[in-house]
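Residue numbers (my numbering), protein chains in the order written: chain C, 36 to 351; chain L, 36 to 351. All residues carry an ideal CB built from backbone N, CA and C; glycine is no exception. Remember, predicted model here, so these are calculated numbers, not experimental data. Okay, so here's the structure we're looking at.
2 protein chains.
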Amino acid sequence: MNDNLLMKITQKDKKAIARALTEIENNTKLSEKIIDEISSSFGKSYRIGITGPPGAGKSTLTNALVKKLAEMNFFVGVIAVDPTSPFTGGALLGDRIRMSEIGTHPNVFIRSMASRGSLGGLTRFASEAGDVFDYAGFDFTIYETVGVGQSELDIANSVDTTVVVLVPESGDSIQAMKAGLMEIGDIFVMNKSDRAGADQAIASLQFILSFREHDEKSWLPPIIKAIALEYKGIDELYNKILEHKEFLIKNDLLEFRRKQRFKARIKELISTQLKKELWTLERNKLLDEKIKLIFEKQLSLSTVVNQLVDSFRNNN
Amino acid sequence: MNDNLLMKITQKDKKAIARALTEIENNTKLSEKIIDEISSSFGKSYRIGITGPPGAGKSTLTNALVKKLAEMNFFVGVIAVDPTSPFTGGALLGDRIRMSEIGTHPNVFIRSMASRGSLGGLTRFASEAGDVFDYAGFDFTIYETVGVGQSELDIANSVDTTVVVLVPESGDSIQAMKAGLMEIGDIFVMNKSDRAGADQAIASLQFILSFREHDEKSWLPPIIKAIALEYKGIDELYNKILEHKEFLIKNDLLEFRRKQRFKARIKELISTQLKKELWTLERNKLLDEKIKLIFEKQLSLSTVVNQLVDSFRNNN
């Protein structure tokens, strides 16, 4: 069953890929086996992150780029990260509807993912989903993230090229700057560039980017004018992504960064495992007792921290 | 020196408070002593989070609320969280300028904090800063967070009352919903409510909130119409905050939640300490060797995770 599933993934079977992603998302027993098998063969799929403030048209741009890639006969996996409401249960549709059209293309696999407030879980799932696409032999994995915030920074750390989508509306650039988007972007797209103020917005963006430290060996982020709804600027975006990939390869950065990311991921898994082993029912009770003593001022916070760490290390 | 600093904090000395916050932010040796001393005396300062999408007027509202509280003779500490650009170095001013006026009031202490992309650090600093205000005997601690994202969810988990600020502009409510703001709000403020579409926006907000699970014992989040720039709706906001506080006390939730938060914080400190002890130079090298073996398919990912965890637990 397991081997069969893995084999089907290498045949790019959509049902098998969907099944693997669900196992991983739900952190099942089987998912551990899947991850063990696929995690050593990463590096085939080029990972692109598409991010930006709400309303910038990220979904439309993702849709257009995926269409372009599919037309070029590439295989593309898309992970759309959608913060969702715990009390309604499901992911909100909205922008997702537009993507379903391209989702039926044989070369394209799209998965919407609810972030459920668990940031660590999101980042972990995002990289493991990328590994599944890698194992399947997909050419590209695209992460589309809604909103601005820490999750974008984390996903930017797990992709090869980060595309930041902005719109000409005044204030957007400063908001984006606040959100730290300026320093994560490898490529900037000024979407809806037929609107008033587009050239001004590009000029101010160029000004902001000029503060980024750079030398002759560093990548200068291009700014692309686009109207994603009309597929304008998509060819240029595609070319710039390939250019950025070449740049990374030429400077030995692609492999290097991927190894760094893999190492960070293992460290994260080890932390999770440590926490699982640490917080037994017994040690949870012990902590409750110690907290009482802190409130009674009989123990200090740092003493309790050290006592718990020591108890874990000694009582194997 | 240390005792003197602590004493001055209890006298609400602004310089001493500023010094303590800087020590904590920079994670100095002295900060550990400060935290040990202050962490057992929490619970005096009522913690309020003010959050919402960019452009909703959070700073203006915070400013107005702080002014109201100061007029009522309360002491108020404000932590304004400002995601900032690593490459420009400093925090962006913008909205902050407006707040400096109220910052000179003797009852008010304002601290701007750059989040620097380190989410854990931000959450930790936020609660420790609250402890400093607690120790100083401040009546209120207000957290103002810019943007929408995971940091808001985390800060919502460390306050007693969360105020979500929205504006009538179409699309905002759905964006806020996506960002998970709907389920963290204890009180909603429709700011700039003189703009077109305010009543419609309130109606749709009410509709969304009606999906929130509730029984007769749960809090129904009120929606307040405000124009923060003109100080309209601020008295009502103030009253609703006190009402929510009463509700939490009556249902034994205030103490209970604070204890839960304290426990979560200690667990976080223990995790940090474990990581510090785990990742010695030696074990980092060991991990590099193991990663090579993973790529050569001689070891699986999960085996490496378990080996590292075991090496830590056995080789005390």
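Considering only C-alpha positions, which residue in the set the options is nearest to residue i?
i, options, result
"Phe144/L", "Ile52/L, Lys252/L and Ser162/L", "Ile52/L"
"Lys260/L", "Ser66/L, Leu277/L, His279/L and Ala238/L", "Ala238/L"
"Phe160/L", "Glu290/L, Ala55/L and Val340/L", "Ala55/L"
"Tyr266/C", "Val344/C, Lys298/C and Lys227/C", "Lys227/C"
"Lys298/L", "Lys275/C, Leu322/C and Gly87/C", "Leu322/C"
"Pro88/L", "Phe223/L, Ser337/L, Glu136/L and Lys280/L", "Phe223/L"
"Glu204/C", "Ser74/C, Val198/C and Asp234/C", "Asp234/C"
"Glu303/L", "Asn341/C, Lys285/C, Ile269/C and Glu58/C", "Asn341/C"
"Val339/L", "Ser74/C, Lys64/C and Ser66/C", "Ser74/C"
"Pro141/C", "Asp38/C, Asp48/C and Leu328/C", "Asp48/C"
"Arg292/C", "Arg348/C, Ser193/C and Ser80/C", "Ser193/C"
"Phe282/C", "Glu136/C, Ala236/C, Asp221/C and Phe242/C", "Asp221/C"
"Gly367/C", "Lys311/C, Ser306/C, Leu288/C and Thr315/C", "Missing from the structure shown is residue 367/C; chain C here goes from 36 to 351 and no further."
"Glu60/L", "Phe242/L, Glu163/L, Glu317/L and Phe246/L", "Glu163/L"
"Thr139/C", "Gly172/C, Val116/C, Val101/C and Phe173/C", "Val101/C"
"Ser147/C", "Ser80/C, Ile329/C and Thr57/C", "Thr57/C"
"Gln46/C", "Val167/C, Arg82/C and Arg318/C", "Val167/C"
Applying a beta-carbon distance threshold of less than 8 Å, which residues of chain C neighbour residue i?
i, result
"Lys332/L", "Ser75"
"Leu322/L", "Lys298, Ile301 and Lys302"
"Ile326/L", "Lys294, Phe297, Lys298 and Ile301"
"Ile83/L", "Within 8 Å Cβ-Cβ: nothing; Ile83/L doesn't reach chain C, min ~21 Å."
Can you round the beta-carbon distance between residue i and residue j to whole angstroms, since I take them to be within the 8 Å contact cut?
i, j, result
"Ala263/C", "Ala105/C", "With 8 Å as the limit, Ala263/C and Ala105/C do not qualify as a contact, their Cβ atoms being about 16 Å apart."
"Ile44/L", "Tyr170/L", "6 Å"
"Gly165/C", "Thr176/C", "5 Å"
"Ser335/L", "Asp71/C", "4 Å"
"Glu179/C", "Val113/C", "7 Å"
"Lys252/L", "Asn286/L", "7 Å"
"Gly92/L", "Ile190/L", "About 18 Å; that fails the 8 Å criterion."
"Thr197/L", "Lys280/L", "Wrong, their Cβ atoms sit about 13 Å apart, outside the cutoff."
"Val199/L", "Thr95/L", "Actually they do not touch by this definition, with Cβ atoms about 15 Å apart."
"His249/L", "Leu240/L", "That belief does not hold up - the Cβ atoms of His249/L and Leu240/L are roughly 15 Å apart, past 8 Å."
"Arg348/C", "Arg230/L", "At roughly 59 Å, the Cβ-Cβ gap does not stay under 8 Å, so Arg348/C and Arg230/L are not in contact."
"Lys8/L", "Ile269/L", "Residue numbering for chain L in the displayed model covers 36 to 351; residue 8/L lies beyond these limits and cannot be assessed."
"Phe110/L", "Phe173/L", "4 Å"
"Asn343/L", "Val344/C", "The question names Asn, but residue 343/L in the sequence shown is Leu. With 8 Å as the limit, Leu343/L and Val344/C do not qualify as a contact, their Cβ atoms being about 17 Å apart."
Can you tell me where the beta strand (DSSP E) with residue i in it begins and where it stops?
i, result
"Leu321/L", "Here Leu321/L belongs to no beta strand (DSSP E); instead the alpha helix (DSSP H) covers Leu316 to Phe330."
"Tyr178/L", "Phe175 to Thr180"
At what residues does the alpha helix (DSSP H) containing residue i begin and finish?
i, result
"Tyr273/L", "Ile269 to Lys285"
"Phe291/L", "Leu288 to Leu313"
"Arg348/C", "Leu336 to Asn349"
"Lys64/L", "Lys64 to Ile73"
"Thr86/C", "No alpha helix (DSSP H) holds Thr86/C; the beta strand (DSSP E) holding it covers Tyr81 to Thr86."
"Ile237/C", "Ala233 to Leu244"
"Ala55/C", "Lys49 to Glu60"
Run down chain C in chain order and give the residues with a C-beta less than 7 Å from the C-beta of residue i.
i, result
"Glu67/L", "Ser337"
"Val194/L", "Chain C residues near Val194/L: none, gap ~16 Å exceeds 7 Å."
"Ile59/L", "Within 7 Å Cβ-Cβ: nothing; Ile59/L doesn't reach chain C, min ~13 Å."
Per DSSP, what are the beta-bridge partners of residue i in this structure?
i, result
"Met217/C", "DSSP output for Met217/C lists no bridge partner at all."
"Leu201/L", "Met225/L"
"Ala105/L", "In DSSP, Ala105/L forms no bridge with anything."
"Val352/C", "The structure shown does not extend to residue 352/C, since chain C is modelled only from 36 to 351, so the question has no answer here."
"Val116/C", "Met148/C and Thr180/C"
"Thr196/C", "Ile83/C"
"Ile262/C", "Lys267/C"
Please list, in chain order, the chain C residues whose beta carbon lies closer than 9 Å to that of residue i.
i, result
"Ser306/L", "Ser306, Leu309, Lys310 and Leu313"
"Val340/L", "Ile301, Leu304, Ile305, Thr307 and Gln308"
"Ile329/L", "Ser74, Ser75, Phe297 and Ile301"
What residues from chain L crowd round residue i, counting only those whose CB sits closer than 8 Å?
i, result
"Phe242/C", "None at all; the shortest Cβ gap to chain L is about 12 Å."
"Val344/C", "Ile305, Gln308, Leu309 and Glu312"
"Ile44/C", "Residues of chain L passing the Cβ test: none, with the nearest at roughly 17 Å."
"Asp221/C", "Within chain L, no residue comes near Asp221/C; the closest Cβ sits about 14 Å away, beyond 8 Å."
Would you mind telling me which residues of chain L sit closer than 9 Å to residue i, beta carbon to beta carbon, in chain order?
i, result
"Lys267/C", "Within 9 Å Cβ-Cβ: nothing; Lys267/C doesn't reach chain L, min ~23 Å."
Starting from the beta carbon of residue i, find every residue of chain L whose beta carbon is closer than 7 Å, and list them in chain order.
i, result
"Ile70/C", "Leu336"
What residues in the stretch 286–299 of chain C have a beta carbon less than 8 Å from any beta carbon of chain D? Annotation note: the requested chain D is absent from the structure, which comprises protein chains C and L.
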